Structures are given as structure tokens and as C-alpha cells.
Amino acid sequence: MIEGLLILLLCQLAGTLVADTLHLPIPGAVLGMLLLLGLLAWRRPAEDAPVMTASHHLLQHLPLLFVPAGVGVVAVLGLIEEHRALMLVGFVVPWLLGLVVTAGVAAPLARRLTDKEDAQ
Numbered sequence: 033m034i035e036g037l038l039i040l041l042l043c044q045l046a047g048t049l050v051a052d053t054l055h056l057p058i059p060g061a062v063l064g065m066l067l068l069l070g071l072l073a074w075r076r077p078a079e080d081a082p083v084m085t086a087s088h089h090l091l092q093h094l095p096l097l098f099v100p101a102g103v104g105v106v107a108v109l110g111l112i113e114e115h116r117a118l119m120l121v122g123f124v125v126p127w128l129l130g131l132v133v134t135a136g137v138a139a140p141l142a143r144r145l146t147d148k149e150d151a152q
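Position 63, counted from 1, in the sequence shown is what this note's numbering calls 95; the numbers after and before it change by one each time, with no gaps.
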């Protein structure tokens with residue numbers, strides 16, 4: 033499992049080095065995940081490969097990684113209560129905008145698809 037964790041960390045390190053060296057606006061961790069995805073697609077490791085074993089163990093404990101975020105929210109609860117109206121607007125307006133844009137794009141596409149099916 034140590035070998036698998038080392039592979040995961042090296043991919044993250046490589047992504048961070050590339051992002052920092054080339055001054056890319058993409059986080060190094062994201063580049064590292066893309067590198068890992070490329071390696072996994074290229075090598076196609078078996079289920080019992082070290083990187084697969086390590087990733088399965090990490091995924092089993094993934095909920096623990098949300099604890100610090102929850103503690104952070106509780107730590108600033110007063111600030112959240114103070115600005116709840118702005119936060120509500122900040123959450124609801126983009127959601128509604130996304131919903132309207134998605135419906136505006138999906139409806140014509142669906143009509144076009146049904147028109148093509150009716151023509152056949």
C-alpha cells in the first residue's frame with residue numbers, strides 16, 4: 033500500500049511542479065489527477081495493483097476529510113448568520129440562472145431531435 037500512496041503523491045507533486053513552473057491557472061492537484069488518469073489509462077492496472085489498493089483504502093475513509101470543512105463552517109457560524117441573506121442570494125440566483133440556461137438550451141435541442149425522428 034505504501035507503493036500505491038507513493039504513486040498517488042508523486043502524481044500530485046508532478047502536477048504541482050508543472051503548474052508552478054509554467055504558471056498555469058490550473059491547480060497542481062488537478063494536473064496531478066489528470067496525470068494519474070493518463071497513467072491508469074495507459075497501464076490499465078489490475079485490481080490488486082498497489083495504486084488501486086491505496087486508492088480503495090483512501091476512498092473508504094473519504095468522509096473523514098469532510099470533518100475539517102464542517103468544523104470550519106461551525107467556527108464561522110456567526111458570520112454565516114450575519115450574512116445569510118447575501119449567501120442565500122449567492123446560492124439561489126446562480127442556481128436559477130443555470131436552470132434557465134439549461135432549459136433554454138435543452139428545449140430547442142429536444143425539439144430538433146423530435147423533428148428529426150418525425151421526419152424519418
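Where is the CB? At the ideal position from N, CA and C, for every residue including glycine. Since the model is a prediction, treat every value here as computed from it, not as a measurement.
Length-filtered (4 minimum) alpha helix (DSSP H) runs lying within the segment 59-87: 60-75
C-alpha distance - Phe-98 paired with Leu-67, whole-angstrom precision: Those two C-alpha atoms are separated by around 25 angstroms.
Which of helix, strand or coil DSSP assigns to His-55: The three-state reading of DSSP puts His-55 in coil, since its state is none of H, G, I, E or B.
Once DSSP output is grouped into helix, strand and coil, what is the label at Val-108? coil
Does the beta-carbon distance from Gly-64 to Gln-44 come in below 7 angstroms? yes
With burial defined as no fewer than 16 other Cβ atoms inside 10 Å of the residue's Cβ, what is the status of Gly-36: buried or exposed? buried
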